[in-house]
Amino acid sequence: MKRFLKPTTLLLVVGLFLLIILYYKVNPATSTLMPKCPFKMLTGYDCPSCGVQRVVHLVMHGEFIDAFLLNPFLFLVAPYLLAIIYVKISHDRFAVAIKPYVCHHIGIYTYIALYFIWWVVRNTAFWHNLIG
Amino acid sequence: MENTNPTNNQPPLAPNNYLVWAILATILCCWPLGIPAIVYAAKVDKLWYAGYRNEALAASNNAKKWTLIAAITGAVVVVLYVIFVFVVGIGVAAEAASYSDYYYY
């Protein structure tokens, strides 16, 4: 008989479920217990993924526009990340066919470049004025 | 590893490039340590399909190493933060209790 779930997979699923409940119930913007970005605490500037907890909370409450304005980079990266996860998990013919493109180094270097560009842009007065 | 000819028609699968974990590390844990993980992850497939299989395996190991470093550092920072908040919280609560005649929080 095939085992239904590996213990590590079970642990991941349970952990993910608990995290989803936590981020639905607790608002990271107002709770002091939710972890803060060490870079932001030390320098006062936003890091590229600052806002990820608030984005998760807002998305789960259907506030997509507020979430998008908080960190558009995450929404830009999400499809790329989903594609990589799909290629990693699935081994069907489609996944095998797109893997060379999804895991191509040009895409990965583009991600790194966007990461640093977004990091600079989000800390400029231009961006703060744009978002209001 | 018996066949290292890059022109082989049926190449074996490339080693794990840990790209998912590397990118998640830059988003979720600790950005400076996730970047080398991504750079190594980018090299894995590139080197493998160019025929440099030993180098690809080395890059795969490096990607794994840096992803683990980033994840562990991120976890440590979160745990330290929560401990810090509890300690400060207990301190503030004790301080507030000593002034409880004047302040009601």
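First to last, the sequence lines map onto chains A and B.
According to our numbering, the stretch in the first sequence is residues 1 to 132, in order.
According to our numbering, the stretch in the second sequence is residues 133 to 237, in order.
No residue lacks a Cβ here, since even glycine has one placed at the ideal position from N, Cα and C.
Keep in mind the model is a prediction, meaning the values are calculated, not measured.
Best match in the options for proximity to residue i [C-alpha to C-alpha]
i, options, result
"A:V55", "A:L42, A:T43, A:T9, A:Y23", "A:Y23"
"B:A154", "A:G132, A:I85, A:H128", "A:I85"
"A:T124", "A:A113, A:N27, A:Y45", "A:Y45"
"A:F68", "A:A83, A:S49, A:H105, A:F94", "A:S49"
"A:T30", "A:I131, A:H57, A:I89", "A:H57"
"A:A83", "A:D66, A:C103, A:I65, A:F64", "A:C103"
"A:V59", "A:P28, A:P38, A:I89", "A:P28"
Presumed contact (8 Å Cβ cut-off) between residue i and residue j, rounded CB distance
i, j, result
"B:P147", "B:A203", "About 19 Å; that fails the 8 Å criterion."
"B:W198", "B:P168", "5 Å"
"A:V26", "B:I159", "Not a contact, Cβ separation roughly 19 Å."
"A:Y109", "B:A174", "6 Å"
Buried versus exposed call for residue i [16 or more other C-beta atoms within 10 Å across all chains shown]
i, result
"A:M41", "exposed"
"A:W127", "exposed"
"A:P79", "exposed"
"A:N71", "buried"
"A:R93", "exposed"
"A:A97", "exposed"
"A:Y101", "exposed"
"A:D66", "exposed"
"B:L156", "buried"
"B:V152", "buried"
Same chain, Cβ closer than 7 Å to residue i, neighbours up to 5 away in sequence not counted
i, result
"A:P35", "none"
"A:R122", "D46"
"A:A95", "Y86, V87"
Contact set for residue i: own chain, Cβ-Cβ below 8 Å, skip 5 residues either direction
i, result
"A:L74", "S49, G51, V52, V55"
"A:Y99", "Tyr is not the amino acid found at residue 99 of chain A; the sequence shown has Lys there. Hits under 8 Å: V87."
is_contact[residue i, chain C] using C-beta, thresh 8 Å
i, result
"B:Y172", "No chain C is present in this structure, whose protein chains are A and B."
Same chain, Cβ closer than 6 Å to residue i, five either side skipped, listed in chain order
i, result
"B:Y237", "Confidence in B:Y237 is poor, its pLDDT being 49 and thus under 50, which makes the residue's placement unreliable; the coordinate value appears in the next sentence. Around B:Y237: A228."
"B:N194", "Y172"
"A:G132", "none"
**OP:** Could you list the residues in the region 100 to 131 of chain A with a C-beta less than 8 Å from some C-beta on chain B, going in chain order?
**Re:** P100, C103, H104, H105, I108, Y109, Y111, I112, Y115
Original post:
Given a limit of 8 Å on CB to CB distance, which residues of the region 26 to 53 of chain A reach chain B?
Top reply: T32, L33, P35, K36, P38, F39, C47, P48, S49, V52
Original post:
In the region 79 to 94 of chain A, which residues sit with their C-beta less than 7 Å from some C-beta in chain B, listed in chain order?
Top reply: L81, I84, I85, K88
Original post:
If you measure beta-carbon to beta-carbon, which residues of the region 195 to 218 of chain B are closer than 8 Å to chain A?
Top reply: V209, V210, Y213, V214, V217
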